[in-house]
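The structure under discussion appears below in the form of structure tokens.
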Amino acid sequence: MREPFEYAVIRLVPRVERGEQINVGVILYCQARDFLGARTHLDADRARALAPDVDLDAVAAALGSWDRTCGGDGPARTMKRGERFRWLAAPRSTMIQAGPVHTGLTADPAAELDRLMAALVR
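Residues in the sequence shown are numbered consecutively from 933, following the numbering used here.
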């Protein structure tokens, strides 16, 4: 049986004032399956094309925090999965941002997350 899910593309915006961005991941939440996950991939060449001086180690560390937040590490441990998704998907003016939230139906949220990564990021 397919269940509704929500997802957002994770974007790297190396120079917020310019608004240029590349997709670096996807976050997906499925309440019915109690699933929250993020997958990320940083293409160093694409990032440097937008900002030659981008600190790739800092970007990688920030992307890692999305995975940890989804898993409930740190301050997120007291938050429910839906609350974590909303917090991560909220608009922000930082180098790592979530795009608009979209919806769909899936029988397998983890497989859907992998499909979205292949289609939208890699």
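Positions of the beta carbon are idealized from the N, C-alpha and C atoms, including for glycine. The structure displayed is predicted, hence computed values, not measured ones.
Where does Met-933 land, buried or exposed, given buried means 16+ other C-beta within 10 angstroms?
exposed
So the candidates are Ala-979, Pro-936 and Gly-969; which of them puts its Cα closest to the Cα of Arg-943?
Ala-979
Would you mind stating whether Thr-1035 and Phe-937 have Cβ atoms separated by less than 9 Å?
yes
Of the residues Val-1033, Pro-1007 and Leu-1052, which one's Cα is nearest the Cα of Arg-1018?
Val-1033
With a threshold of 8 Å, are at least 3 pairs of Cβ atoms found where one atom belongs to the stretch 1035 to 1053 and the other to the stretch 966 to 986?
yes
Which residues does DSSP list as the beta-bridge partners of Val-941?
Val-958
Length of the line joining the Cα atoms of Asp-985 and Met-1027:
13 Å
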